[in-house]
Amino acid sequence: VGLWNSMISGCVLNRRGEQALELFKGMKKEGVEANLSTFASVFSACASLGVLENGKQVHTQACKEGVVNDMIVASILIDMYSKCGSLGDACKFFSELQNYDTILLNSMITVYSNCGRIEEARCIFDTMPSRSLISWNSMIVGYSHNGFFLEALELFSEMRRQGCRIDNVSLASIMSTCASSCSLRLGEQIFALAIGIGLESDQIISTSLMNLYCKCGDVMEGRRVFNEMEKFDEVPWNAILMGYAINGYGTEVLQLFEDMRSTGVSLNETTFIGVLSGCGHCGMVEEGRKWFYAMKDIYHIEPTIEHYSCVIDLFARAGCLEEAMVLIDKMPFEAD
RNA sequence: GCAGCUAGCGGAUA
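Straight run, no breaks: the first sequence in our numbering ends on number 1390.
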């Protein structure tokens, strides 16, 4: 068992989830009994792959082994359902549990927030025996993502009043709250706090600052931050791209997108949302059509409903109604 | 001193 477990958890650590599941199958074929660690790794693999059905099957097996009573396995399971977008299953499983620890309850704060059940998230937060930094951060993010900006800010103040440790995640989250609510001055004050604890060059703080400027309409200032910051991943690129897009700078969107491709920055769904919405704001039909198809054909990124929405909107506004209708029919989702 | 939880970018909309 030990050898199998090491191999499986090794795969998970190296993001080879598929391999981990293969190994798990092989292990069963050989008649080796899975234990706690095995299930823990397998659920993590399912979580990172987002394979719900697989995860459910293994969950059933784990129940027979009685393994789901383990706190860590239980948290991973909740996290797995959460990452697979199956929030109902997460809630159901949670309701069957008897014992909870801080980490498990933190996961549930996130689950409830992600289903919009913010009151229940807050209830867990209020009644949990002890709260970690992540509990506070999760609750703040929950409020923010659900549009409860004042509540997020209030909780952040409470955090400071109580003298809790504040980290880059806390600050970036609250700066994002400020950006969403166009609170430029407040956002800058939060950034000042970040400087005070030595986080002025922190990547996620810089990204948040840039986003703050962009959302508040000052793309030039956003660009200045972008130019000066260190960029370890594609997120800052997407943020400035989106900044250009929402402010109607179409040529800058295409230029930046070209820079991304020539620099070898990885492109993701968000990148294409930026590109397509930029084309939309500026009526660039040809470019929009081209990139919509290219994202699938060349970059192998499946268009989501957001992408369809951008491009359908683009066609409709440009007067290409038939093309828009055809696309609506071809959409693999329900129109919302 | 490593099994589990949070983060920054994410469509259109009077």
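Just so it is clear, CB atoms sit at the ideal spot from N, CA and C, and this is done for glycine as well.
Have a look at G1318, C1268, I1294 and V1319 and flag the residue whose alpha-carbon is nearest the alpha-carbon of V1394.
As displayed, the chain neither begins before 1055 nor continues past 1390, which places residue 1394 out of reach and without an answer.
Identity of the residue in L1141, S1363, K1384 and V1127 nearest I1327 by Cα:
S1363
Within this structure, are the beta carbons of A1128 and L1159 separated by less than 8 Å?
no
Environment of V1380 [buried if 16+ CB atoms lie within 10 Å]
With fewer than 16 other Cβ atoms within 10 Å, it is exposed.
In angstroms, rounded to a whole number, what distance separates the CA positions of D1390 and E1360?
If you take the alpha carbons of D1390 and E1360, they lie about 10 Å apart.
If I measure Cβ to Cβ from C1100 and keep anything under 6 Å in the same chain, skipping five residues before and after, which residues do I get?
N1108, G1109 and M1134
How long is the line joining the alpha carbons of G1304 and K1285, rounded to whole angstroms?
23 Å
I need the boundaries of the alpha helix (DSSP H) containing N1108, first residue and last residue.
L1106 to E1119
Closer than 6 Å by C-beta to M1264: which residues in its own chain qualify, once you throw out the five before and the five after it? Chain order, please.
G1276, V1279, F1280 and A1293
Identify the continuous alpha helix (DSSP H) that holds R1219 and give its terminal residues.
Premise fails: R1219 is in no alpha helix (DSSP H) and is neither H nor E.
Would you please state the rounded distance, in angstroms, between the beta carbons of N1200 and G1170? I believe it to be under 8 Å.
6 Å
Between the stretch 1135-1146 and the stretch 1115-1122, are three or more C-beta pairs nearer than 8 Å?
no
With H, G and I counted as helix, E and B as strand and the rest as coil, what does DSSP make of V1319?
coil
Are there 16 or more other CB atoms within 10 angstroms of the CB of S1189, so buried, or fewer, so exposed?
buried
Is the Cβ-Cβ distance between L1225 and L1253 less than 8 Å?
yes
For the alpha helix (DSSP H) that contains I1251, what are its first and last residues?
No alpha helix (DSSP H) contains I1251, which DSSP labels as neither H nor E.
Given a cut-off of 8 Å, decide if F1202 and I1172 are closer than it, judged by their beta-carbon atoms.
yes
Starting from the C-beta of V1112, find all residues in its chain whose C-beta is less than 6 Å away, skip the five residues before and the five after it, and write them out in chain order.
V1096
In chain order, what residues of the same chain lie with their CB nearer than 6 Å to the CB of T1092, ignoring the 5 residues before and after it?
N1059
Residue burial classification, D1180 (beta-carbon count within 10 angstroms, cutoff 16):
exposed
Would you kindly work out how many angstroms separate the C-alpha atoms of S1102 and F1311, rounded to a whole number?
28 Å
Outcome for H1335 when other beta-carbon atoms lying within 10 angstroms are tallied against a minimum of 16:
buried
For the putative contact between E1377 and F1369, defined by C-beta atoms under 8 Å, what is the C-beta separation to the nearest angstrom?
5 Å
Measure the alpha-carbon distance for F1212 versus S1186 and round it to whole angstroms.
Residue identity differs from the one stated: residue 1212 is Glu in this sequence, not Phe. Cα to Cα, the separation comes out at about 14 Å.
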